[in-house]
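There are 2 protein chains.
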Amino acid sequence: MSRRPDPSRRSEQSRQAILAAAADLCVEVGFAATTIEAIAARAGVGKQTIYRWWPSKAAVLLEQMQRVREASADFPDTGDLRADLLAQTTALEGLLATNDGAIWRGLLIAAQSDDVAADGVRALLERAVTDAKQRLAKAQASGELRADADLDMVVEIIYGPLYHAWLLRVRPLPPGYMKEILTLVFDGLKPATGGDAR
Amino acid sequence: MSRRPDPSRRSEQSRQAILAAAADLCVEVGFAATTIEAIAARAGVGKQTIYRWWPSKAAVLLEQMQRVREASADFPDTGDLRADLLAQTTALEGLLATNDGAIWRGLLIAAQSDDVAADGVRALLERAVTDAKQRLAKAQASGELRADADLDMVVEIIYGPLYHAWLLRVRPLPPGYMKEILTLVFDGLKPATGGDAR
Chain A
1 MSRRPDPSRR SEQSRQAILA AAADLCVEVG FAATTIEAIA ARAGVGKQTI YRWWPSKAAV
61 LLEQMQRVRE ASADFPDTGD LRADLLAQTT ALEGLLATND GAIWRGLLIA AQSDDVAADG
121 VRALLERAVT DAKQRLAKAQ ASGELRADAD LDMVVEIIYG PLYHAWLLRV RPLPPGYMKE
181 ILTLVFDGLK PATGGDAR
Chain B
1 MSRRPDPSRR SEQSRQAILA AAADLCVEVG FAATTIEAIA ARAGVGKQTI YRWWPSKAAV
61 LLEQMQRVRE ASADFPDTGD LRADLLAQTT ALEGLLATND GAIWRGLLIA AQSDDVAADG
121 VRALLERAVT DAKQRLAKAQ ASGELRADAD LDMVVEIIYG PLYHAWLLRV RPLPPGYMKE
181 ILTLVFDGLK PATGGDAR
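Chains A and B, in that order, are what the protein sequence lines are.
In terms of UniProt numbering, the first sequence opens at residue 1 and continues consecutively.
In terms of UniProt numbering, the second sequence opens at residue 1 and continues consecutively.
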C-alpha cells in the first residue's frame, strides 16, 4: 500500500467541502449575498481552487443540484397514478423545504441573468418534465388519466400550484397540501351535482 | 396665469421618465444588470434625483407595478365564472409578455434578497389573491364552483400553471393556453368514463 495521499480523493473532498459551503451560505444569507470569497473561506480552500473547477457561484450550486438529482429516486411507478404522484410531489415538497430547496431557489434566480445557470436549470427541468410525462402517458394508456389531456399542461396543473406557493411565498403550505391539490385537480372544480347534470 | 413652471408637474414628469427608463432597462438588460446610474442616464436626471424619491432600483420598479395595478380593471364579474377567469387570466398572460412582465419578474427576483421588494411584492400578490378569492366565493355561493374547495388552493390551481410556465420558462405558451387549462381544471383529470363510473 502506498502512503502517498490519493490526489483524486483529496480533490473530491475539496469539491464536497466547497459544495457544502455554497449550500450552507445560500441557505444562511441567500443566493445574492453568497460570494466565491465566502464559499472559499467556509470550505477552507483558496478562491483559485474554486475557479479551477467552476466559473461562478451559480455553476457550483448547479453541480450540487445535479448531484441531488442523480441521487434521487426514479419517478415512482406502482401502477397507481394518484399514489405515485402523491409520493413524488410530497418528496419534492420536502426537498423544497431543505437546504437543497434554497439552492434550487438561488439557481432559478441566477437563471434569469446567468447563461450557465439558465442552461443547467433548463436541463434539470426538462428531465423532470420528461420523467413526469412518461409516467402520465402510461396512465393515459391504462385509463387512469383522461386521454385528451395535453401532458405538458397536466404537468403544469400538478406542479404549478406547489411552485406558485413556494416561489412566490404567498403563504406557508398547509399539511396534506399535495393530497388535497391532487383530489381537486383529478375530480375537477365543477360542483359534483353541477356541470353536465344541470 | 403664472409663467413659472409648476414644480409638482415637473416632478411628476421626472418621475415618469425615471419609471419608464427603469422599465426599459429591465426589459433590455434584465433586472440584475439594471443600475441606478443607467436609469439616471436614460431618464436624463441625476442619480440624486432618483435617490430623493426611492431607496433602490427595486423601489422604482415597485412603484411602476403599483401604478400598473392601480390602472388595471377590477376582477371581472359577469356572473359567468369560467368566462371571467378566462378574461382575467388572459389579461394577466398578456401583461406577463409585456415590459411590465419583465419588471414583475425583476421584482420577484429582488423580493428574494431585498426587504422593500419583498414587502411590496407580498402586498401586490395578497391583493390579487384576495380579489380572486372574492370572485370564487361568489361562484361557490351560486353553485358554479364546488363548495368544498379551499379557495387558496383554487387560486393556486388556476394561476400556478401560468406562473410555472412563465417563471420557469420551460416552454413558450401555446395559443389558447388558459382556455384549455381552465377546461382541464374544471372538468378534472380523471377520464370521463373512469373514476366513479368504473
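A virtual CB, placed ideally from N, CA and C, is assigned to each residue, including glycine.
Bear in mind that the values here come from a model prediction, so they are computed numbers and not experimental data.
Residue from the options with nearest C-alpha to residue i
{"i": "Q134 (chain A)", "options": "A:P76, A:M65, A:G160 and A:A22", "result": "A:P76"}
{"i": "T183 (chain A)", "options": "B:K190, B:S56, B:L182 and B:V68", "result": "B:K190"}
{"i": "residue 206 (chain B)", "options": "B:D152, B:R127, B:L124 and B:S113", "result": "Given a span of 1 to 198 for chain B in the structure shown, any question on residue 206 (chain B) remains unanswerable."}
{"i": "S113 (chain B)", "options": "B:D131, B:S56, B:A102 and B:P161", "result": "B:S56"}
{"i": "A22 (chain B)", "options": "B:L92, B:I50, B:E93 and B:L96", "result": "B:I50"}
{"i": "V29 (chain B)", "options": "B:E12, B:L92, B:G106 and B:V116", "result": "B:G106"}
{"i": "G79 (chain B)", "options": "B:Q66, B:I157, B:A139 and B:V170", "result": "B:A139"}
{"i": "L62 (chain A)", "options": "A:M178, A:L173, A:I109 and A:L168", "result": "A:I109"}
{"i": "R52 (chain B)", "options": "B:M65, B:S11, B:L92 and B:R42", "result": "B:S11"}
{"i": "D100 (chain A)", "options": "A:S8, A:Q66, A:L125 and A:D187", "result": "A:Q66"}
{"i": "G120 (chain A)", "options": "A:I181, A:V155 and A:W104", "result": "A:W104"}
{"i": "Y177 (chain A)", "options": "A:D6, A:A91, A:A58 and A:R9", "result": "A:A91"}
{"i": "Y159 (chain A)", "options": "A:D187, A:T98, A:L125 and A:A192", "result": "A:L125"}
{"i": "D150 (chain A)", "options": "B:R169, B:R122, B:A128 and B:K179", "result": "B:K179"}
{"i": "T130 (chain A)", "options": "A:D115, A:A118 and A:V155", "result": "A:V155"}
{"i": "E93 (chain B)", "options": "B:G188, B:D187, B:A58 and B:I181", "result": "B:I181"}
{"i": "T98 (chain B)", "options": "B:D6, B:D24, B:D187 and B:A192", "result": "B:D24"}
{"i": "P172 (chain B)", "options": "B:D6, B:A118, B:A58 and B:L96", "result": "B:L96"}
{"i": "A132 (chain B)", "options": "B:L81, B:R122 and B:D187", "result": "B:L81"}
Residue burial classification, residue i (beta-carbon count within 10 angstroms, cutoff 16)
{"i": "R15 (chain A)", "result": "buried"}
{"i": "W54 (chain A)", "result": "buried"}
{"i": "L19 (chain A)", "result": "buried"}
{"i": "V60 (chain B)", "result": "buried"}
{"i": "D196 (chain A)", "result": "Any reading at D196 (chain A) needs caution, since the residue's pLDDT is 46, under 50, leaving its predicted position unreliable; the model's value is listed next. Answer is exposed; the Cβ neighbour count stays below 16."}
{"i": "G44 (chain A)", "result": "exposed"}
{"i": "R198 (chain A)", "result": "Note that R198 (chain A) has pLDDT 37, beneath the 50 cutoff, so the model's placement of it is unreliable and the number below is only indicative. Exposed, since its Cβ has fewer than 16 Cβ neighbours within 10 Å."}
{"i": "T89 (chain B)", "result": "buried"}
{"i": "A192 (chain B)", "result": "exposed"}
Sequence-distant residues of its chain with Cβ nearer than 7 Å to residue i (five each side left out)
{"i": "K47 (chain A)", "result": "I36, E37 and A40"}
{"i": "A102 (chain B)", "result": "C26 and V27"}
{"i": "V170 (chain A)", "result": "none"}
{"i": "R9 (chain A)", "result": "none"}
Cβ-heavy atom distance, residue i to the ligand MN, below 7 Å
{"i": "V27 (chain B)", "result": "Judged by which ligands are present, the structure shown has none, so any question about the ligand MN falls away."}
Close beta carbons around residue i, own chain, < 8 Å, minus the five adjacent residues each side
{"i": "I157 (chain A)", "result": "V185"}
6 Å CB neighbourhood of residue i in its chain, flanking five on each side removed
{"i": "G194 (chain A)", "result": "Because G194 (chain A) carries a pLDDT of 46, less than 50, the predicted location of this residue cannot be relied on, and no value is offered for it."}
{"i": "Q64 (chain A)", "result": "L19, A23 and I103"}
{"i": "R42 (chain B)", "result": "A21"}
{"i": "A118 (chain A)", "result": "A111"}
(request) Report yes or no: do three or more beta-carbon pairs, one from the stretch 32 to 41 of chain A and one from the stretch 72 to 91 of chain A, lie closer than 8 Å? (result) no
(message) Taking contact to mean 3 or more Cβ pairs, one atom from each stretch, closer than 8 Å, check whether the stretch 141 to 155 of chain A and the stretch 145 to 157 of chain B are in contact.
(response) no
(request) Decide if the stretch 63 to 81 of chain B is in contact with the stretch 159 to 175 of chain B; the criterion is three or more beta carbon pairs, one per stretch, under 8 Å apart. (result) no
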